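Report on the structure given below.
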Amino acid sequence: MLSDILAQHAISVTGLSKSLNGGKVLDDVSFSANEGEVIAVLGHNGAGKSTLVKCLTGMLTMDSGYIVRQSQTMQILSPLDARKLGIEAVHQNFGLIDELDVVSNFFLGRELHHDNLILKILGWLDKRLMRFLTGRALERLGCEFRDLDRLVKHLSAGERQLIAVARAIHFGAQVVVMDEPSSALGMSQVAQLQEVIRTISAQGVTVLLVSHDMPFVSEVCDRAIVLSKGRLVANIDIASISEGELYSYMMGRCHIKEPDNSLNALLQAS
1 MLSDILAQHA
11 ISVTGLSKSL
21 NGGKVLDDVS
31 FSANEGEVIA
41 VLGHNGAGKS
51 TLVKCLTGML
61 TMDSGYIVRQ
71 SQTMQILSPL
81 DARKLGIEAV
91 HQNFGLIDEL
101 DVVSNFFLGR
111 ELHHDNLILK
121 ILGWLDKRLM
131 RFLTGRALER
141 LGCEFRDLDR
151 LVKHLSAGER
161 QLIAVARAIH
171 FGAQVVVMDE
181 PSSALGMSQV
191 AQLQEVIRTI
201 SAQGVTVLLV
211 SHDMPFVSEV
221 CDRAIVLSKG
231 RLVANIDIAS
241 ISEGELYSYM
251 MGRCHIKEPD
261 NSLNALLQAS
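Just so it is clear: in the sequence shown, position 249 is 249 by UniProt numbering, and no numbers are missing.
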């Protein structure tokens, strides 16, 4: 029974707690996300959203609790641990280097070398293959870059974000955590981002989306979890609640709606 429940979830978080500078920032946070589900992570500044993202992606270690991913129960101790589990973050700065071109940023730290032994020993990169794979990854998101040789500093915020998302998917991410993805975008770029999120969701990729943009959340997300003072106070289907009610949860004006703790109970009983 436990294995059947775990198989339904792309990721499950149980009892996650974290203290910083002597204060508890996350307090016993538990939730699960299904494959292909788009979940908004909501809360006012200081609610614990950024700390949650950092714990899920290995930038911070949790004090207690655990994550279940691919039937493995574990703590994530580093970004490499998260990456091995197929969890990648798309941060607000997108993790790109301005002075490098699109292809170089796409393969940053994961460059491909020639199969030819001599060229491999010399450290030559297979730039033709890297270029092809970069273009194909972007096309799979419905995007086309005419000039992959352009320096990233000359690209728009929307274009930079597409590179970061395509890179995460290409290298096997099955859970993508996006931090305020619409904050620096114009209307047309927001619409394009919504289509990209729908595309990767249809491919079975789970998206955790930290945002203050309620219209964006209402348009693209299936469910919302709401944090307040480090605690999860709501876990709600977007279709069943208004933007005003979401704001009320964020402000602490609604009664606390506890998440489903059946998974936690089963794990403890096993």
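Don't be surprised by glycine CBs; every beta carbon is placed ideally from N, CA and C. Note that the structure is predicted; figures quoted are calculated from it, not measured.
DSSP three-state label for residue i, please.
| i | result |
| --- | --- |
| I200 | helix |
| L263 | Any reading at L263 must be qualified, since the residue scores a pLDDT of 45, below 50, and its modelled position is unreliable; no value is offered. |
| M250 | helix |
| A89 | strand |
| V205 | coil |
| H154 | helix |
| L129 | helix |
| H212 | coil |
| H114 | coil |
| D4 | Since pLDDT at D4 reaches only 49, below the 50 mark, its modelled position is unreliable, and the value read off the structure follows with that caveat. Looking at D4 - three-state DSSP - the assignment turns out to be helix. |
Taking 7 Å as the threshold (C-beta atoms), are residue j and residue i in contact?
| i | j | result |
| --- | --- | --- |
| L141 | T199 | yes |
| I39 | R223 | yes |
| T73 | V103 | no |
| A33 | I11 | yes |
| K54 | V210 | no |
| V13 | I67 | yes |
| F216 | A164 | no |
| V226 | L42 | yes |
| Q174 | V207 | no |
| G158 | Q194 | no |
| A168 | V176 | yes |
| H114 | D126 | yes |
Residue i: buried (16+ other C-beta within 10 angstroms of its C-beta) or exposed?
| i | result |
| --- | --- |
| L6 | Confidence in L6 is poor, its pLDDT being 47 and thus under 50, which makes the residue's placement too unreliable to answer from. |
| N105 | buried |
| M130 | buried |
| L77 | exposed |
| A239 | exposed |
| Q192 | buried |
| H154 | exposed |
| D179 | buried |
| M251 | exposed |
| R128 | exposed |
| L26 | buried |
| A202 | exposed |
| R136 | exposed |
| A64 | As written in the sequence, residue 64 is Ser, which differs from the Ala given in the question. So S64 counts as exposed. |
| R69 | buried |
| I97 | exposed |
| F132 | exposed |
| R160 | buried |
Which residues does DSSP pair with residue i in a beta bridge?
| i | result |
| --- | --- |
| V176 | E88 and V207 |
| D101 | L151 |
| H170 | Its beta-bridge partners do not exist; DSSP assigns none. |
| said: What ranges does the beta strand (DSSP E) occupy inside the region 11 to 86, keeping only unbroken runs of at least 3 residues that lie completely in it? | reply: 23 to 34, 38 to 42, 64 to 69 and 72 to 74
| Along the chain, which unbroken stretches of the beta strand (DSSP E) at least 3 residues long are found entirely within the region 217 to 243? | 223 to 228 and 231 to 237
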